[in-house]
Amino acid sequence: MQLKQESNKILSKDHPEVIVCLKDVSVAYGKNIALYKINLDIEKGDFIGIVGPNGSGKTTLLKTVLGLIKPIQGNINLFNQQISGKIPREIKNKISYIPQFTPFDKNFPALVEDVVMMGRYSKIGMFRMPNKEDKEKVKQSLKLVKMDNMAHRPIGHLSGGQQQKVMIAQALATSPSILLLDEPTSALDFKMTKNVMDILKQLNERYGITIVTIHHNLRIIKSYTKRVIAINKTLVYDGSPNDALFDEIIEEMYI
C-alpha cells in the first residue's frame, strides 16, 4: 500500500474527523492513580506534543491508547469503534508506536532493511515470507526518512540519530494513520533532533499522518507542533503551544 499525499484533501475545520476519543479515562498501578478522568479527542491530521513532569502519566497515556494498559474507568473510542477489550487487528494496524529510544549494540546481527521489515509482520504475520509489495514498502519507508542509501548497512554501525530514523521507517512500514512517539529525540543532539522533527513534520503535512509525540524540549514543541497537551495525572492544558496561558501553566508545573 502506497502512502498517498493529502494535499488535495481538505478536512473541514467545523467537523474534523476524531480518530481517538478518551472520555473520563482513569488508569492506576495498584493503588496509585497514574491518570485521572482524562477527556481527550485526537483529530485526523493533528500534530500533538505531550508535555509534563516525570511521572505525570505521559507514557501511560500512549500505552492506554495502544491498549497495552487497561483503564480502571472511562471509555476509549478508536476510529469510530468503541474499545472494551483487545483492540481489533484492523484498528491496531492503523496505529504505530515508537517507544523511548534504546541504541542497538554495534554487533546486532541485522541490516537496516531487516529492521524495517520487522514492522511489516503485524500485517503479514510472523510465518509468511515477505513478498514484492512488502519489500517495496520497506524501500519506500526508508526513502521517506532519507535512509534508503543505508538499507544494506548493519543497524549497529549507524549513529543514534540514524538508528532512530530507521525506527520511524519501521513504524511507517505498516502504513499507519497515526504515529505515537515517546521522546523520539531524547538521546540526540540538536542538529539530529531538528532532522527527526523535520521528517515528522513532512509525514504530517505531506502525507496526512497524525503525529502524537511526548517531548521534553519546549522550544521544539513550539516550533513544530500544532497543538500541545500538558498532563500531570490530569489534563491541565490542551491548546496552542504559542498561547500565553501555556507558558503560565508550564511554569507552574515545573516549579
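Count the sequence shown with my numbering and you get residues 1 to 255, in order. The C-beta atom is built at its ideal place from N, Cα and C for all residues, glycine as well. Because the structure is a prediction, the values reported are computed rather than measured.
Euclidean distance between Cα positions of residue i and residue j
| i | j | result |
| --- | --- | --- |
| S177 | I249 | 31 Å |
| E113 | L188 | 22 Å |
| S240 | V228 | 6 Å |
| L62 | K92 | 13 Å |
| V218 | K201 | Checking the sequence, you will find Leu at residue 218 rather than Val. Straight-line Cα distance between these residues: approximately 16 Å. |
| Q100 | L180 | 11 Å |
| D182 | I98 | 6 Å |
| S175 | K94 | 7 Å |
| V115 | Q170 | 7 Å |
| I221 | E205 | 16 Å |
| F47 | L158 | 28 Å |
| T60 | L111 | 32 Å |
| G67 | E17 | 21 Å |
| I199 | V51 | 20 Å |
| F190 | H216 | 13 Å |
| I42 | D105 | 36 Å |
| M253 | G49 | 16 Å |
| D145 | V65 | It is Val, not Asp, that sits at residue 145 in the sequence shown. Looking at the two C-alpha atoms, the distance is approximately 25 Å. |
| S84 | K23 | 13 Å |
| S226 | L203 | Looking at the sequence shown, residue 226 is not Ser but Lys. Roughly 14 Å separates the two Cα atoms. |
| V236 | K139 | 41 Å |
| L40 | G74 | 11 Å |
| E133 | K143 | 15 Å |
| I214 | T234 | 16 Å |
| I76 | R89 | 16 Å |
| K123 | K137 | 12 Å |
| D238 | P109 | 43 Å |
| V212 | I38 | 16 Å |
| M147 | I33 | 41 Å |
Exposed unless 16 or more other CB atoms sit within 10 angstroms - verdict on residue i
| i | result |
| --- | --- |
| N54 | exposed |
| N149 | exposed |
| H152 | exposed |
| I72 | exposed |
| Q163 | buried |
| S257 | Given that the chain is displayed from residue 1 to residue 255, the structure contains no residue 257 and the question cannot be resolved. |
| S56 | buried |
| A244 | exposed |
| S141 | buried |
| Y224 | buried |
| N80 | exposed |
| K135 | exposed |
| F127 | exposed |
| K31 | exposed |
| K165 | buried |
Inter-residue CB distance, residue i and residue j (contact presumed, cutoff 8 Å)
| i | j | result |
| --- | --- | --- |
| T210 | V196 | Not a contact, Cβ separation roughly 17 Å. |
| L35 | V20 | So it is not a contact: roughly 14 Å between Cβ atoms. |
| M117 | P103 | Incorrect: roughly 20 Å between the Cβ atoms, too far for contact. |
| G119 | A173 | 3 Å |
| I87 | V27 | Contact flag wrong, Cβ pair sits at about 16 Å. |
| N107 | G161 | About 20 Å; that fails the 8 Å criterion. |
| K58 | I231 | 6 Å |
Helix, strand or coil at residue i according to DSSP, with G and I counted as helix
| i | result |
| --- | --- |
| L180 | strand |
| L188 | coil |
| K37 | strand |
| S159 | coil |
| N131 | coil |
| S26 | strand |
| V20 | strand |
| S7 | For S7, the predicted model reports a pLDDT of 39, less than 50, meaning its position is unreliable; a value from the coordinates is still stated below. Reduced to three states, the DSSP call for S7 is coil. |
Item checked: Segments of 3+ residues assigned as beta strand (DSSP E) that fall wholly inside the region 40–121 -> 47–51, 73–78, 81–83, 95–98
Next item on the list: Please specify which runs of the beta strand (DSSP E), each continuous and at least 3 residues long, are wholly inside the region 193–243, giving them in chain order.
Entry: 210–214, 227–231, 235–239
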